[in-house]
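This report concerns only the one structure given below.
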Amino acid sequence: MNKSYCPSLTEYKRRKTRVVNIGGLPMGGDYPIRVQSMTTVDTMDTMGSVEQCIRMIEAGCEYIRITAPSIKEAENLKNIKEELAKRGYNVPLIADIHFTPNAAEVAARIVEKVRVNPGNYADKKKFQVIEYDDASYQAELDRIRERFVPLVRICKEHGTAMRIGTNHGSLSDRILSRYGDTPLGMVESALEFLRICEDEGYYEIIISMKASNTQVMVQAYRLLVQKLEEEGMQPYPLHLGVTEAGEAEDGRIKSAVGIGTLLEDGLGDTVRVSLTEAPEAEAPVAKALIDRYTHRAEKAQPLKPICNVPINPFQYHRRETVEVENLGGTNVPRVVADLSRQTDVQYADLKCVGHLYSMLLDKFNMNDLGADFIYTGHNPINFMLPNGLKEIVNYDTWLTAEQREDRHPLLDAAQYIGGVERHEKVNFVLLTLQDLSSELLERLKQDKTAVLMLQTNNAHAMPELRKCFFRLMNNGVQTPCIIKRAYGQLTPDETQLYAATDVGGLLIDGLGDGVMLGTEFLPAQEKGEWLQTIDQYNSLSFGILQAARTRMSKTEYISCPSCGRTLFDLQETTAMIRKRTDHLKGVKIGIMGCIVNGPGEMADADYGYVGVGKDKIALYRGQTVIKKAVPADRAVDELIELIREDDKWIEPVQLVE
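As structure tokens, this is what we get:
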């Protein structure tokens, strides 16, 4: 199998694409990775759209996308463009088109770029399975060509660029019937339109493969690059994005897991972060993701190339490991919280790692973000830990500690090879790539008590850790591995984005049996500040595992980022639904502002809340509409009733402290 999808797995080398000119601001080639976002104001509100565009430009947006659901909105793009120019802003505008080829044809004469979604540009989605033979399938392709060629010719004539933007949730019935709900289906959906463009001699194209499922999204982009090369097509620039990432911390983590993983491999020429927040909040997050790679090549320590890639980069498969107590095997990835810089830890302090002590009842309760291990270094805890929480201490501390059977030692490579005294069940070994010698690998093969903690100080962190995993796999070592990363003083956003990229990028490929975010490079803090930092790191660790779809510990909200089509206040509604349902562990709820983004865009949500008219909501179970026009003031109650009918509702528990 050809596993080639990026220029290098071991050094930062950006994929070289053709340059596409968009209104005098080129994309691709050696040009910087561009930032973009999308307006949320009604497109017919010219002044409101212009004011929002200006806020977005000032926040760092280089391209601005505006929805054009019908001809009247497409025509009004001219007024928005002229008013922006009058105020001295010449930002390229992109018309977002769904379902309406005639609106696309109008917009292509006005703006610098149009975005079409192959799943609904010339197809209608009825969730039907259709049997095609080659002749009937070709007849469908001929019909698409007939609908699509006029737009291609207008774009060619007017120098307008185009994004062919496939979305996982809106694949057509035809694609689903032939390829299934797969990354390959997403890629083929774009390639069908791309082949028509190339037949017409039109190449001013950008491609995207968006999904709210980060594994599907990453696999689809990788597969697209491989297929373009395989078919001898142009190396088109890539627009990166995770659809419906959500809001706040969860939205940022999920975006970084998907987008950051691809940026690490040199893929991507423009980034849009889709948050359920004001669009001007999206640009700084996209810029922070991009800026990490500006000087990556100079900062990173070189790695030797990888001869054998032991994973399939286009399909998720978790690395096979032996089970060591509750680590590895079929266990969910574990979270290790770092309390090593804390002295005199008290019962109440464990709240920061999800274990809440009630003085009234004299017992612990564990919440959904309860850490599995705490690393205390040279400062062991002096009281009995709650059930479900285990302690890791440095080896020399473990040797002299009381109740050694209740604590697990952390050894370095020399101690491990030296054959020192060990715990009879679980021993953690802290290693770097350089430590993985032949002797150590052989010892690991015979040891059923070892758990590795892999770390790196290389700026090219994710690829170096990935190389560690590949070396273990290529040598037949099935020892479970915790991914350890530590950062210096970063902003909260940077910490979220960097950790989600470094750890999430490995988890997406099935690599890793746990995560530990170390605190050793952070400046000294007061105890209260430390506990707050540990709480944030603990929440971040669980958030990364959830975003990479490897451990579901909380309710997942698949909420679209709002646009001019939205029929209710998405931020307010998402907050209201979250308040009532955020205790439903593992349940996925899609919150979509309009029918364009639902039900298809909700992809694998269990339940959907979709705007269908003013103050009217449709409620879905999976992709099936259950209630079509529920008044908005009753919709959340009705959603909860639907969850209750499926026996998935549990009453929220108030924990006593």
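Residue numbers for the sequence shown follow the UniProt record's numbering, beginning at 1 and rising by one.
Backbone N, C-alpha and C fix where the C-beta goes; we use that ideal spot for every residue, glycine too.
| said: Pop quiz: SER340 and THR519 are said to be a contact at Cβ under 8 Å. What is the actual Cβ separation, rounded to whole angstroms? | reply: Residue mapping note: residue 340 aligns to position 340 of the sequence shown, counting from 1. Residue mapping note: residue 519 aligns to position 519 of the sequence shown, counting from 1. Correct: roughly 7 Å between the Cβ atoms.
| What did DSSP end up calling HIS317 once you bin it into helix, strand or coil? | Counting from one through the sequence shown, the residue named residue 317 turns up at place 317. In this structure, HIS317 counts as coil in the three-state DSSP scheme.
| Length of the line joining the Cα atoms of GLU645 and CYS352 | Mapped onto the sequence shown, residue 645 falls at position 645. Mapped onto the sequence shown, residue 352 falls at position 352. Going by the C-alpha atoms only, they are around 35 Å apart.
| field | Supposed close pair CYS53, ALA283 - CB separation, criterion 8 Å | value | Numbered from its first residue, the sequence shown carries residue 53 at position 53. Numbered from its first residue, the sequence shown carries residue 283 at position 283. Incorrect: roughly 12 Å between the Cβ atoms, too far for contact.
| Straight-line gap, ALA486 to PHE373 (C-alpha atoms, nearest Å) | Counted from its first residue, the sequence shown places residue 486 at position 486. Counted from its first residue, the sequence shown places residue 373 at position 373. If you take the alpha carbons of ALA486 and PHE373, they lie about 17 Å apart.
| With GLU280 and ALA59 assumed to form a contact (beta carbons below 8 Å), what rounded beta-carbon distance in angstroms separates them? | On the sequence shown, residue 280 is found 280 positions in, with the first residue counted as 1. On the sequence shown, residue 59 is found 59 positions in, with the first residue counted as 1. About 4 Å separates the two Cβ atoms, so the contact holds.
| field | 6 Å CB neighbourhood of GLY622 in its chain, flanking five on each side removed | value | Taking the sequence shown and counting its residues from 1, the one referred to as residue 622 is at position 622. None.
| field | Residues that THR624 bridges to, as DSSP identifies them | value | Looking up residue 624 in the sequence shown gives position 624. Answer is ARG621, bridged to THR624.
| task | Report all residues from its chain with a CB closer than 6 Å to the CB of HIS378; omit the five preceding and five following residues, and keep chain order. | result | Counted from its first residue, the sequence shown places residue 378 at position 378. Once the five neighbours on either side are set aside, the close Cβ partners of HIS378 are ASN394, THR397.
| Beta-carbon spacing of LYS616, ALA605 below 8 Å | Taking the sequence shown and counting its residues from 1, one reaches residue 616 at position 616. Taking the sequence shown and counting its residues from 1, one reaches residue 605 at position 605. Taking 8 Å as the cut-off, the Cβ atoms of LYS616 and ALA605 do not count as close.
| query | LEU224 and PHE314 look like a contact to me (Cβ under 8 Å); what is the Cβ gap, rounded to whole Å? | reply | The residue labelled residue 224 in the question sits at position 224 within the sequence shown. The residue labelled residue 314 in the question sits at position 314 within the sequence shown. Rounded, the Cβ-Cβ distance is 10 Å, inconsistent with contact.
| request: Mind checking which residues open and close the alpha helix (DSSP H) that includes GLN346? | output: In the sequence shown, residue 346 corresponds to position 346, counting from 1. Looking at the DSSP string, GLN346 is not in any alpha helix (DSSP H), and its letter there is neither H nor E.
| query | Which residues mark the beginning and the end of the beta strand (DSSP E) in which PHE383 is found? | reply | If you number the sequence shown from 1, residue 383 lands on position 383. DSSP places PHE383 in no beta strand (DSSP E); its state is neither H nor E.
| field | Cα-Cα separation between PRO7 and ARG549, rounded to whole angstroms | value | Within the sequence shown, residue 7 is the residue found at index 7, counting from 1. Within the sequence shown, residue 549 is the residue found at index 549, counting from 1. Their Cα atoms are separated by approximately 27 Å.
| message | Can you check which of these residues, GLU198, ASP133, ASN117, is closest to HIS168 by C-alpha distance? | response | To locate residue 168, count along the sequence shown from 1; it is residue 168. Minimum Cα distance to HIS168 is reached at ASN117.
| query | Going by C-alpha distance, which of LEU238, ASP250, CYS197 is nearest LEU267? | reply | As a working mapping, residue 267 is identified with position 267 in the sequence shown. When each option's Cα is compared against that of LEU267, the closest is LEU238.
| Between the beta-carbon of SER177 and the beta-carbon of GLY119, is there less than 8 Å? | For the purposes of this step, residue 177 is identified with residue 177 of the sequence shown, where counting begins at 1. For the purposes of this step, residue 119 is identified with residue 119 of the sequence shown, where counting begins at 1. It is not a contact, given that the beta carbons lie outside the stated cut-off.
| request: Just the C-alpha distance for LYS78 and GLN138, rounded to the nearest angstrom, thanks. | output: In the sequence shown, counting from the first residue as 1, residue 78 sits at position 78. In the sequence shown, counting from the first residue as 1, residue 138 sits at position 138. Across the structure, LYS78 and GLN138 are spaced so that their CA atoms are roughly 37 Å apart.
| task | Out of GLY354, LYS445, SER553, TYR293, state which residue places its alpha-carbon closest to the alpha-carbon of LEU531. | result | The count along the sequence shown starts at 1 and reaches residue 531 at position 531. The shortest C-alpha separation from LEU531 is found at GLY354.
| When the Cα of GLN36 is compared with those of ARG65, VAL50, ASP30, which residue comes out closest? | Locating residue 36 in the sequence shown gives position 36, counting from the first residue. From the listed residues ARG65, VAL50, ASP30, the smallest Cα separation to GLN36 is found for ARG65.
| Just reading off the alpha helix (DSSP H) that GLN446 is part of, what are its end residues? | Counting from 1 along the sequence shown, the entry for residue 446 is found at position 446. 438–446 is the extent of the alpha helix (DSSP H) around GLN446.
| query | How would you write the range of the alpha helix (DSSP H) that PHE99 sits in, first residue to last? | reply | Taking the first residue of the sequence shown as position 1, residue 99 is located at position 99. Segment: none, PHE99 is in no alpha helix (DSSP H) and carries neither H nor E.
| field | Which listed residue (MET38, GLU83, ASN457, GLN571) has its alpha carbon closest to that of LYS299 | value | Here the question's residue 299 lines up with position 299 in the sequence shown. Considering only alpha carbons, the answer is ASN457.
| query | Alpha carbon to alpha carbon, what distance is there between ILE253 and GLU325? | reply | One-based indexing of the sequence shown puts residue 325 at position 325. One-based indexing of the sequence shown puts residue 253 at position 253. Between GLU325 and ILE253, the C-alpha separation is close to 29 Å.
| request: Taking only the alpha-carbon atoms, compute the straight-line gap between LEU356 and GLU529 and give it to the nearest angstrom. | output: Along the sequence shown, one-based indexing puts residue 356 at 356. Along the sequence shown, one-based indexing puts residue 529 at 529. Near 18 Å, if we compare the C-alpha coordinates of GLU529 and LEU356.
| query | Is it right to say PRO69 is buried, meaning 16 or more other beta carbons lie within 10 angstroms of its own, or is it exposed? | reply | Position 69 of the sequence shown, counted from the start, is the residue given in the question as residue 69. It is buried - the Cβ of PRO69 has at least 16 other Cβ atoms within 10 Å.
| message | Helix, strand or coil, according to DSSP, for GLU298 in the structure here? | response | To locate residue 298, count along the sequence shown from 1; it is residue 298. Here GLU298 sits in helix by DSSP.
| message | Tell me the DSSP secondary structure of GLU391 in three-state form. | response | The residue you call residue 391 lines up with position 391 of the sequence shown. Here GLU391 carries a strand assignment [DSSP, helix/strand/coil].
| said: For ASP535 and ASP349, I'd like the C-alpha separation in whole angstroms. | reply: Taking the first residue of the sequence shown as position 1, residue 535 is located at position 535. Taking the first residue of the sequence shown as position 1, residue 349 is located at position 349. Taking the straight line joining both Cα atoms gives about 10 Å.
| field | DSSP state of MET552 mapped onto helix, strand, coil | value | The sequence position of residue 552 within the sequence shown is 552, counting from 1. Coil.
| query | Counting pairs of beta carbons, one from the segment 570–587 and one from the segment 382–394, are three or more of them closer than 8 Å? | reply | These segments do not touch.
| task | Locate the alpha helix (DSSP H) running through GLY354, then write down its first and last residues. | result | As a working note, residue 354 is residue 354 in the sequence shown. Where GLY354 is concerned, there is no enclosing alpha helix (DSSP H), given that its DSSP letter is neither H nor E.
| query | Which of the three DSSP states, helix, strand or coil, is assigned to ASP633? | reply | Here the question's residue 633 lines up with position 633 in the sequence shown. ASP633: helix per DSSP, three-state reduction.
| said: Does ASN382 pass the burial test, meaning 16 or more other C-beta atoms within 10 Å, or should it be called exposed? | reply: For the purposes of this step, residue 382 is taken as the residue at position 382 of the sequence shown. Under the 10 Å beta carbon count, ASN382 is surrounded by fewer than 16 other beta carbons and is classified as exposed.
| request: May I have the straight-line CA-CA distance separating VAL656 from LYS363, to the nearest angstrom? | output: Along the sequence shown, read from residue 1 onward, the residue named residue 656 stands at position 656. Along the sequence shown, read from residue 1 onward, the residue named residue 363 stands at position 363. Residue placement at VAL656 is poorly supported in this model, since its pLDDT is 47, which falls under 50; the coordinates still yield a value, given next. Computed Cα separation, rounded: 10 Å.
| query | From this set, ILE643, VAL152, GLU82, which residue's C-alpha is nearest GLU200's C-alpha? | reply | Along the sequence shown, read from residue 1 onward, the residue named residue 200 stands at position 200. Closest by alpha carbon: VAL152.
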